[in-house]
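The block underneath contains the structure these notes are about, expressed in structure tokens.
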Amino acid sequence: MLKVCLTSNCSLILADINKALLAKRKRLETYTKASLKTSNQKIEHVWKTQQEQRQKLNHEFSQQFLTVFQQWDADVQKAEEQEEKLAVRFQHGMCFTVYYSQGDPQCHSFKCNRTGGPLLGRRKEK
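Numbering (UniProt numbering), first residue to last: 1 to 126.
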């Protein structure tokens, strides 16, 4: 009979241990799920915040680039205009030099044709 009592005590103790382990397992699962949920929420928040910051930086960069590009385009147009003016002045200067190197003092007007050659004008004799 003593053996039976010990055996029933052992099974009660084992049952209590199993219940305790099962309760601990459930608490661990609950804690793990809650922890994962919290971690996922934090990760999602960080991800969204970084995504918003990236979009903001991208927008700012695009605006700055557009401003710089527009300024560059305006500068290129100004440079082209200045280049054209300089080319015209250079052609007129070449025409003037060619004309006066011929030693004709009777010039009253001066123009260049489209090829850069002089169109000589003379004063009418009185």
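Ideal placement from N, C-alpha and C gives every residue a C-beta, glycine not left out.
Given residue i, which residues of its chain have a CB within under 7 Å of its CB, disregarding the five upstream and five downstream residues?
| i | result |
| --- | --- |
| Asn18 | none |
Can you find the residues in the same chain that come closer than 6 Å, C-beta to C-beta, to residue i, ignoring five residues on each side of it along the sequence?
| i | result |
| --- | --- |
| Ala15 | none |
Use the C-beta contact count for residue i: other C-beta atoms within 10 angstroms, 16 or more gives buried, fewer gives exposed.
| i | result |
| --- | --- |
| Arg122 | Residue confidence for Arg122 is low, a pLDDT of 48 falling below 50, so the modelled location carries little weight; the figure read from the coordinates is stated next. Looking at its Cβ environment, which holds fewer than 16 other Cβ atoms inside 10 Å, Arg122 is exposed. |
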